[in-house]
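Taking it in order: structure first as structure tokens, then the write-up.
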DNA sequence: TTGTGCGATCTTACGTCGTATGATTACCTT
DNA sequence: AAGGTAATCATACGACGTAAGATCGCACAA
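Protein chains in written order, with my numbering: chain A, 309 to 531; chain B, 309 to 531.
Spelled out as structure tokens, the structure:
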């Protein structure tokens, strides 16, 4: 056994950081007790002194990511004016955190209960909205609407991750033109103004657009 | 070995139906090769004659659920007038399918590529929208917005599934009133018009409200 | 009738996972 | 030096996905 002077002592924090690193680098399925142990140069069973179970560890992962969101959105930008600008900025920051940890939305949504840190985000959001004249009822709905966007919008609906591979042959394209004309039009460049808006799927722009719709709608519902 | 006359022959369809049944009844983690075999009265390895791997089986699960959505939304209601009513109805139907299979959104979002059946839904949606005067660009955005709602809104953000257990003691409530006053107000009945809008979290109403915001926004963007 | 071929199913086995149990270590206190 | 305690490890078990090959049952040819 390597003496403690040579090796950092274990801790819940160090375990969670290592697990996040594994998930970021190799996907959530690589987060394994034995692999975490390997990364921390200890045996898998040693982790159980700091973590109750694999489930608790996964909950810790979610907590870690949501903590990042809290840290990123704690201080509002100096020049921000109005609730819309504030909330928009926070949602974009939250999304950027999720994009850094693509496994996070799935993990968060798989939990039976929201991690405690989450309430800090909600508190801040409700405060901002109520100050801007929202009813509590409407603020509650805003939480749902915005939360499901940040967690649900990360994944692409089309395209296998990156649009590098031309997954469709000419024949398939021809067949598609007949059976699904609208999707074919959507996928074909130069058929409707901009270039094929299906192949060039700018998810960030889609996100901001949809978020804008929601914020506009909430603003109208405020009255 | 039980002769074939006594026992239905295996098939990909039967395997997928059994797997969906397991997932509905016991959660997605109960969907196991051995358990499916048990349900179909065969050995786990026999499934591989019809299913390439566990991953392919999971993709098949997603396909099955999305197929349910297609079936439910194939025929529009007779009295429906206008794209908004049509799309609203389809989204509600899609959501009702997801609520029957709470594991489905996670499974669908975990896939590297959308199942082929999905395109039928998109084709129908884009057709309806383009007919109503949407540009293809805007229709594309509508797909993203509505899709992420149907898949992302199913899970509760608060509350451990059902609100039966009073998870908070009086002390915790007191502490919360000080550190998170807005959430406390949100959770407290009779403090703001309606009764506590956090404890009585009518997710269906939240969903319909948010969906309404999106549809209104899309309608405005149409011009 | 007796092969014979083949599609469908089963048996066995391997490596990996989470984790229960109990031993073992390193270090502090006296 | 002795003993106690917190931290770490070694071993083991059952469940998982699945590779490789054996085995079954039946249709058809001789």
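Backbone N, C-alpha and C fix where the C-beta goes; we use that ideal spot for every residue, glycine too.
Give me, in chain order, the residues of the same chain whose beta-carbon lies closer than 7 Å to that of residue 366 of chain B; leave out the 5 immediate sequence neighbours on both sides.
Position 58 of the second chain holds residue 366 of chain B. Only 415 meet the Cβ criterion.
Is the beta carbon of residue 377 of chain B less than 7 Å from the beta carbon of residue 402 of chain B?
Within the second chain, residue 377 of chain B is the residue found at index 69, counting from 1. Within the second chain, residue 402 of chain B is the residue found at index 94, counting from 1. Yes, the Cβ-Cβ distance between residue 377 of chain B and residue 402 of chain B is below 7 Å.
Against chain A, which members of the stretch 319-338 of chain B pass a CB distance test of less than 8 Å?
none
If contact is defined by three or more beta carbon pairs under 8 Å, each pair taking one atom from either stretch, is the stretch 480-495 of chain A in contact with the stretch 339-346 of chain B?
no
What does residue 453 of chain B touch in chain A if you count any residue whose Cβ is under 8 Å from its own?
Start at 1 with the first residue of the second chain, and residue 453 of chain B comes out as number 145. Within chain A, the residues near residue 453 of chain B are 514, 517, 518, 521.
Go to residue 418 of chain B, then tell me how far its alpha helix (DSSP H) extends in each direction, as first and last residue.
As a working note, residue 418 of chain B is residue 110 in the second chain. First-last of the alpha helix (DSSP H) with residue 418 of chain B: 412-418.
Within a Cβ cutoff of 8 Å, which residues of the same chain sit near residue 380 of chain B, ignoring the five residues on either side of it in sequence?
The sequence position of residue 380 of chain B within the second chain is 72, counting from 1. Cβ neighbours of residue 380 of chain B beyond the five flanking positions: 401, 402, 404, 405.
For the candidate residues A/357, A/384, A/423, A/434, whose alpha-carbon lies nearest to that of residue 373 of chain A?
Numbered from 1 along the first chain, position 65 holds the residue referred to as residue 373 of chain A. Checking every option, the nearest Cα to that of residue 373 of chain A belongs to A/423.
Looking at the C-beta of residue 425 of chain B, does it have a partner C-beta in chain A at a distance below 7 Å?
Along the second chain, one-based indexing puts residue 425 of chain B at 117. Taking a beta-carbon distance threshold of 7 Å, residue 425 of chain B does not count as an interface residue toward chain A.
Mind listing the chain B neighbours of residue 438 of chain A? Cutoff is C-beta to C-beta under 7 Å, in chain order.
Within the first chain, the letter at position 130 stands for residue 438 of chain A. Near residue 438 of chain A (Cβ distances below 7 Å), the residues of chain B are 490.
Residues of chain B with a CB under 9 Å from the CB of residue 363 of chain A: which are they?
Residue 363 of chain A sits at position 55 when you count from the first residue of the first chain. Per Cβ cutoff of 9 Å: no residues; residue 363 of chain A is ~11 Å from chain B at best.
To which residues of the same chain is residue 325 of chain B closer than 8 Å at the C-beta, ignoring the five residues directly before and after it?
Translated into the one-based positions of the second chain, residue 325 of chain B becomes position 17. Once the five neighbours on either side are set aside, the close Cβ partners of residue 325 of chain B are 372.
When the Cα atoms are used, what is the spatial distance from residue 349 of chain B to residue 317 of chain B?
Your numbering for residue 349 of chain B matches position 41 in the second chain. Your numbering for residue 317 of chain B matches position 9 in the second chain. So the two alpha carbons sit approximately 10 Å from each other.
Can you find a C-beta in chain A that's less than 7 Å from the C-beta of residue 479 of chain B?
Reading the second chain from its first residue, position 171 is the one you call residue 479 of chain B. No - not a single Cβ of chain A is within 7 Å of the one on residue 479 of chain B.
For the alpha helix (DSSP H) that residue 380 of chain A lies in, which residues bound it at each end?
As a working mapping, residue 380 of chain A is identified with position 72 in the first chain. Note, residue 380 of chain A: alpha helix (DSSP H), 362-381.
Tell me which same chain residues have a C-beta within less than 6 Å of the C-beta of residue 528 of chain B, skipping the five on either side of it?
The residue given as residue 528 of chain B occupies position 220 in the second chain. Excluding residues within five positions, none has a Cβ falling inside 6 Å.
Would you be able to state if there are at least three C-beta pairs under 8 Å between the stretch 517-526 of chain A and the stretch 390-399 of chain A?
yes
Does the stretch 487-498 of chain B come close enough to the stretch 421-436 of chain A to have 3 or more Cβ pairs within less than 8 Å?
yes
Of the choices B/331, B/485, B/444, whose alpha-carbon is the least far from that of residue 407 of chain B?
Within the second chain, numbered from 1, the residue matching residue 407 of chain B stands at position 99. For residue 407 of chain B, the nearest C-alpha among the options comes from B/331.
Near residue 328 of chain A, what residues of its chain come up, given a Cβ to Cβ distance below 8 Å and the 5 sequence neighbours on each side ignored?
Locating residue 328 of chain A in the first chain gives position 20, where the first residue counts as 1. So the list reads 369, 372, 373, 409, once near-sequence residues are dropped.
On a CA-only basis, which of B/531, B/361, B/319, B/315 is nearest residue 440 of chain B? Give me that one, please.
The residue given as residue 440 of chain B occupies position 132 in the second chain. Nearest C-alpha to residue 440 of chain B: B/531.
From residue 473 of chain A to residue 339 of chain B, what does the alpha carbon distance come to, in whole angstroms?
Here the question's residue 473 of chain A lines up with position 165 in the first chain. Here the question's residue 339 of chain B lines up with position 31 in the second chain. Caution applies to residue 473 of chain A, whose pLDDT of 49 falls short of 50 and renders its modelled position unreliable; the value that the coordinates give is listed next. About 32 Å.
Nearest to residue 486 of chain B by alpha carbon, out of A/445, A/419, A/428, A/363?
Taking the first residue of the second chain as position 1, residue 486 of chain B is located at position 178. When each option's Cα is compared against that of residue 486 of chain B, the closest is A/428.
Which bits of chain B does residue 461 of chain A rub up against, with CB to CB less than 8 Å?
Translated into positions along the first chain, residue 461 of chain A becomes position 153. Correct list: 452, 456, 460.
Short check: CB of residue 341 of chain A to CB of residue 333 of chain A, under 7 Å?
What you label residue 341 of chain A is simply residue 33 of the first chain in a count that begins at 1. What you label residue 333 of chain A is simply residue 25 of the first chain in a count that begins at 1. Not in contact: residue 341 of chain A and residue 333 of chain A (Cβ atoms no closer than 7 Å).
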